[in-house]
Amino acid sequence: MRDLVFAWRMFRRSPGTALMAIGAMALGIGANTAIFSVVRAVLFKPLPYSDPARLIALYEENAASGVHRVDTSLANYEEWRDHAKSFSSVAAFAYWVPALSGEFAAEQILAGHVTANFLGTLGVRPAIGRDFTEAEDAEGRNTVVILSHSFSNSRFGRDAQVLGRTLLLDKVSYTIVGVMPPEFEHPNVDQRRQRIELWRPLGEHGGKARGPGYLRVIARLQPTIRIGQARAEMTELTRRIARLHPHNAPLEGKTVDLGSAIAGNARGPLHLLLGAVGLLLLIACANTANLLLA
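According to this note's numbering, the stretch in the sequence shown is residues 83 to 376, in order.
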């Protein structure tokens, strides 16, 4: 109480100085709060998956030509899935932009093709309904979808009977089998910030073509394996693929923890920005001290 009385007296004695001090501190604190909120969301906030520290993103790259983070072919994904022992599960996804029509206003939405083990690899489950089955991850049988929580609410409200209803996507009828929890976020390993509205099984197997592809690959480390061991195994596996398929030789498999993959190139600039606003706060504090001591 005594401090408040003293502050009020100082304000009445020199309102200009007080307002300048308040403005300087407000600018410094406000900028730090805003930037730290962004940095926390991108760099520090735990990923909303089970044991996220064991989640990995797998890429291909051509180091000689400076090409990094090349999407993977179906054939190479299946090679990694079947032969990499460092991972308990290897899953893949691709983006899909279907046209929604039927009972809803026609529009294009951002969706995902995923392997049947995609959600299992992340360690998450639908809040309502079920996950995809292996049988549904086949061409001609993959006409089922799992909705995001926001998409389900915007199209069906809080209808508990959403399961079993159908959506018309690219003029094909898909049956709704699940709805994800509200906190679920798709692992956008290519730094896309758009929201994925729904997912369907990939439905493709037996890939032949190699080289640059269209799949993003994620994996979960075995409990006793460290990322360095996984990197070494991926290097050996890449050499094996190169021997068996020489035309694939320029591409090398790379292993990155999922958090770093999602943050991507934003990590460095965000650290610099956080340092800059921290310096701004120090300057604001110094200016305020000078005003009070003058």
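Positions of the beta carbon are idealized from the N, C-alpha and C atoms, including for glycine.
Fair warning: this is a prediction, and the values are worked out from it, not measured in the lab.
Contact check, N224 vs E216, beta carbons under 8 Å: No, they are not a contact pair.
Inter-stretch contact at 8 Å, needing at least 3 Cβ pairs: the stretch 183 to 201 / the stretch 309 to 328: With a cut-off of 8 Å, the stretch 309 to 328 and the stretch 183 to 201 do not count as touching, because too few Cβ pairs lie within range.
Segment limits, beta strand (DSSP E) that includes N144: Note, N144: beta strand (DSSP E), L137 to N144.
Per DSSP, cross-strand counterpart(s) of Q276: DSSP lists no partner for Q276.
N158 beta carbon less than 8 Å from that of E143: Not closer than 8 Å, so no.
Environment of R277 [buried if 16+ CB atoms lie within 10 Å]: By the 10 Å Cβ count, R277 comes out exposed.
Beta-carbon proximity list for M316, same chain, < 6 Å, skipping 5 on both sides: So the list reads G335 and T337, once near-sequence residues are dropped.
Continuous alpha helix (DSSP H) stretch holding A301: start and end: Boundaries for A301: no alpha helix (DSSP H) harbours it, while the beta strand (DSSP E) harbouring it runs R298 to L303, taken from the DSSP string.
Buried versus exposed, by CB contacts within 10 Å (16 or more), A135: Exposed, by the Cβ-count rule.
Through-space distance from S255 to Y177, alpha-carbon basis: Their Cα atoms are separated by approximately 19 Å.
Beta-carbon proximity check, E189 vs F233, cutoff 8 Å: No, these two residues do not count as a Cβ contact at 8 Å.
Start and end residues, alpha helix (DSSP H) containing S234: First-last of the alpha helix (DSSP H) with S234: H231 to F238.
6 Å Cβ shell around A173 - same chain, five flanking residues per side excluded: Cβ within range, chain order: T197, N199, F200, T203 and I300.
Between the CA atoms of F214 and F266 - distance to the nearest angstrom: Separation of F266 and F214 (C-alpha to C-alpha, rounded to the nearest whole angstrom) is 16 Å.
Straight-line gap, K167 to P208 (C-alpha atoms, nearest Å): For K167 and P208, the distance between alpha carbons rounds to 28 Å.
Short Cβ contact (8 Å threshold) for H231 with M262: Yes, Cβ-Cβ distance for H231 and M262 is below 8 Å.
Top-ranked residue by Cα proximity to I228, from L249, E221 and A220: When only C-alpha atoms are compared, the closest one is L249.
Residues bridged to Y256 [DSSP beta-bridge criterion]: Residue pairing of Y256 in beta bridges, as defined by DSSP: L249.
Reference L140, options R313, K290, A371 and I365, closest by Cα: Of the candidates R313, K290, A371 and I365, the one whose C-alpha sits nearest the C-alpha of L140 is R313.
Rounded C-alpha distance that separates Q311 from A193: Roughly 34 Å between the two C-alpha positions.
Alpha-carbon spacing of H195 relative to L303, whole angstroms: Distance between the alpha carbons of H195 and L303 is about 23 Å.
Where E221 falls: helix, strand or coil (DSSP): E221: coil per DSSP, three-state reduction.
Residue range of the unbroken beta strand (DSSP E) whose run includes L182: In the DSSP assignment, L182 falls within the beta strand (DSSP E) that extends over A181 to S183.
Inter-residue CB distance, V206 and S132 (contact presumed, cutoff 8 Å): Contact holds; Cβ gap of about 7 Å.
Same chain, Cβ closer than 6 Å to I307, five either side skipped, listed in chain order: Only S168 meet the Cβ criterion.
Own chain residues within Cβ distance below 6 Å of A181, not counting five before or after: Contacts found: Q190 and D252.
In DSSP terms, what G27 is bridged to: Since the displayed the chain opens at 83 and closes at 376, residue 27 lies outside it and no answer follows.
Close beta carbons around Y296, own chain, < 7 Å, minus the five adjacent residues each side: Cβ neighbours of Y296 beyond the five flanking positions: D153 and A176.
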